[in-house]
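Counting from 1, one number per residue, gives the positions in the sequence shown under UniProt numbering. The structure appears below as structure tokens.
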Amino acid sequence: MDPIQYDINKWLEENKKFFVPPICNKLMYKDGQLKAFFVGGPNSRKDFHMEEGEEDVLLDKIFINEIPHSPQRIADTIGLVIERERAPNETDLLRYYIDGTDEILYEKWFRCENLEELGPLIKEYFNSEAYKTGKPIAGSLLEDKPIKQDFKRNLGGGPFFFGKKIMCLEKRGKFFPDNDFPKLFLWQIEGKSRITVDEKPYDFLKNQTMLIQSGSRYSILNDAGSRTLSVVMNPV
Numbered sequence: 001m002d003p004i005q006y007d008i009n010k011w012l013e014e015n016k017k018f019f020v021p022p023i024c025n026k027l028m029y030k031d032g033q034l035k036a037f038f039v040g041g042p043n044s045r046k047d048f049h050m051e052e053g054e055e056d057v058l059l060d061k062i063f064i065n066e067i068p069h070s071p072q073r074i075a076d077t078i079g080l081v082i083e084r085e086r087a088p089n090e091t092d093l094l095r096y097y098i099d100g101t102d103e104i105l106y107e108k109w110f111r112c113e114n115l116e117e118l119g120p121l122i123k124e125y126f127n128s129e130a131y132k133t134g135k136p137i138a139g140s141l142l143e144d145k146p147i148k149q150d151f152k153r154n155l156g157g158g159p160f161f162f163g164k165k166i167m168c169l170e171k172r173g174k175f176f177p178d179n180d181f182p183k184l185f186l187w188q189i190e191g192k193s194r195i196t197v198d199e200k201p202y203d204f205l206k207n208q209t210m211l212i213q214s215g216s217r218y219s220i221l222n223d224a225g226s227r228t229l230s231v232v233m234n235p236v
């Protein structure tokens with residue numbers, strides 16, 4: 001199967017109508033095991049999200065599985081987020097806190113089949129008694145939560161290798177993957193490269209992305225001074 005390639009600036013311009021409150025995001029790659037989407041600003045959402053699988057906020061260089069996080073951004077900024085498809089037994093969380101505190105106001109645990117389903121769940125919160133009163137509804141918050149929150153991890157400057165994913169900045173040279181790599185996301189950060197996928201060559205220019213399908217054989221040949229970001233999230 002051929003890789004899927006985009007020019008980021010052109011794609012953002014074509015999809016700018018989606019970067020408005022309250023959700024302010026748009027999926028670039030949504031089918032299959034690896035999901036990639038952009039979030040924009042200004043965005044002052046108060047909802048927090050938590051999931052069991054890895055989630056990478058690449059332009060912020062943090063990795064936030066099992067940690068509540070809110071997709072807030074200042075004006076004229078864009079963030080790229082990559083997630084993997086959920087396993088059948090994994091649960092996601094939508095959470096709101098009482099303003100100015102860390103006390104939980106509202107929670108919605110759900111099985112995330114599609115990242116675009118978050119919008120209706122947020123609307124459900126705005127129609128809830130918890131939102132109208134500013135107080136949690138008695139008995140609505142689970143004591144034994146499906147996800148155990150990670151209180152220990154320090155998010156100050158994340159690494160480029162974590163858990164079940166591989167992230168690396170490729171320099172000059174030719175690179176080949178292992179045979180069992182799943183889907184691969186590439187982003188040309190600087191310079192240009194020549195990507196060969198199943199013996200077919202592709203020019204890969206600055207600020208382009210490419211999603212290489214699982215089972216494909218590829219190589220990267222970077223020019224001097226080039227940087228290519230690659231992301232793999234192995235299935236659970």
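Positions of the beta carbon are idealized from the N, C-alpha and C atoms, including for glycine.
Using only the alpha-carbon positions, how far apart do residue i and residue j sit?
i      : j      : result
Phe110 : Ile8   : 31 angstroms
Lys30  : Tyr131 : 31 angstroms
Pro22  : Glu51  : 20 angstroms
Val197 : Ser44  : 41 angstroms
Asp92  : Phe38  : 19 angstroms
Ala224 : Asp76  : 31 angstroms
Tyr96  : Pro146 : 17 angstroms
Arg73  : Ile212 : 29 angstroms
Ala138 : Ser214 : 47 angstroms
Phe18  : Lys26  : 6 angstroms
Phe126 : Cys24  : 17 angstroms
Leu80  : Pro120 : 22 angstroms
Specify the secondary structure class of residue i as computed by DSSP and reduced to three states.
i      : result
Leu142 : coil
Ile137 : coil
Lys46  : coil
Ala130 : helix
Glu14  : helix
Gly40  : strand
Glu51  : strand
Glu117 : helix
Pull up the CB-CB distance for residue i and residue j, whole angstroms please, since I reckon it's below 8 angstroms.
i      : j      : result
Asp47  : Leu94  : 6 angstroms
Asp203 : Arg194 : 6 angstroms
Leu12  : Ile82  : In fact, because the Cβ distance is near 16 angstroms, the residues do not count as touching under 8 angstroms.
Pro201 : Val232 : Pro201 to Val232, Cβ: 22 angstroms. No contact.
Ile189 : Leu221 : Actually they do not touch by this definition, with Cβ atoms about 16 angstroms apart.
Going by Cα to Cα distance, which pick from the options is closest to residue i?
i           : options                       : result
Ile104      : Cys24, Ala75, Gly134          : Gly134
Leu34       : Leu221, Met210, Lys192        : Met210
Ser70       : Asn114, Asn89, Ala36, Leu118  : Leu118
Lys148      : Leu184, Ile4, Glu90, Phe18    : Glu90
Gly191      : Leu221, Lys183, Arg227        : Arg227
residue 237 : Lys200, Pro88, Gln208, Glu199 : Only positions 1 to 236 of the chain appear in the structure, and residue 237 is not among them; the question remains open.
Arg86       : Gly100, Phe18, Leu80, Leu115  : Leu115
From the DSSP output, which residues share a beta bridge with residue i?
i      : result
Asp203 : Arg194
Gly79  : Val39
Asn25  : Val39
Thr209 : Tyr6, Trp187
Below 6 angstroms, is the gap between the Cβ of residue i and the nearest heavy atom of the ligand NAD?
i      : result
Lys123 : The ligand NAD is not among the ligands present in this structure, which contains no ligands whatsoever.
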